[in-house]
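Heads up, the thing below is written out as structure tokens.
Numbering (my numbering), first residue to last: 366 to 516.
Here you go:
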């Protein structure tokens, strides 16, 4: 069994345990230098937090454990294909490698897929179902991006 197999197996163990506990079938493991740094499971059944996905919670725990937000030396193992939110967080954390077990197509017969969300987010902003409007930034005297770039 390879390291990938071992860590992916752990993500699947977490997912199955989470289902048995009343949760959804998602588990994630963050690994650095062959060692587990953090783990997470989908906790939507435990708290009213739409971002409580396995990958998100594992990334938060890894950042806390390592004392940094940049996780470019880590690999994330997930039971399912990361949703667009989790995928964006993985990119923002500079994770360079993700290994997942079940794809959106694998989960679709069971009602577990984010394929439609991926399709929505690929559309131009004006064509998405979510109304996205750019407000008038000139109403505010300071540009926060400019302020941040001066530090």
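Even glycine gets a Cβ: it sits at the ideal position worked out from N, Cα and C. These numbers were taken from a predicted model, which means no experiment stands behind them.
Proximity of residue i and residue j at Cβ, strictly below 8 Å
i: residue 391; j: residue 403; result: no
i: residue 394; j: residue 412; result: no
i: residue 434; j: residue 463; result: no
i: residue 387; j: residue 410; result: yes
i: residue 466; j: residue 424; result: no
i: residue 406; j: residue 439; result: no
i: residue 482; j: residue 458; result: no
i: residue 503; j: residue 450; result: no
i: residue 480; j: residue 469; result: yes
i: residue 370; j: residue 399; result: no
i: residue 309; j: residue 420; result: In the structure as shown, the chain begins at 366 and stops at 516. Residue 309 is therefore absent and cannot be evaluated.
Backbone secondary structure at residue i - three-state DSSP
i: residue 483; result: helix
i: residue 428; result: helix
i: residue 400; result: strand
i: residue 406; result: strand
i: residue 476; result: coil
i: residue 393; result: strand
i: residue 489; result: coil
i: residue 373; result: helix
i: residue 384; result: helix
i: residue 454; result: helix
i: residue 411; result: coil
Identified DSSP bridge partners for residue i
i: residue 465; result: 443
Buried versus exposed call for residue i [16 or more other C-beta atoms within 10 Å across all chains shown]
i: residue 498; result: exposed
i: residue 513; result: exposed
i: residue 389; result: buried
i: residue 372; result: buried
i: residue 383; result: buried
i: residue 509; result: exposed
i: residue 445; result: buried
i: residue 377; result: buried
Cutoff 8 Å: residue i Cβ touching any chain D Cβ
i: residue 512; result: No chain D is part of this structure, which consists of one protein chain only.
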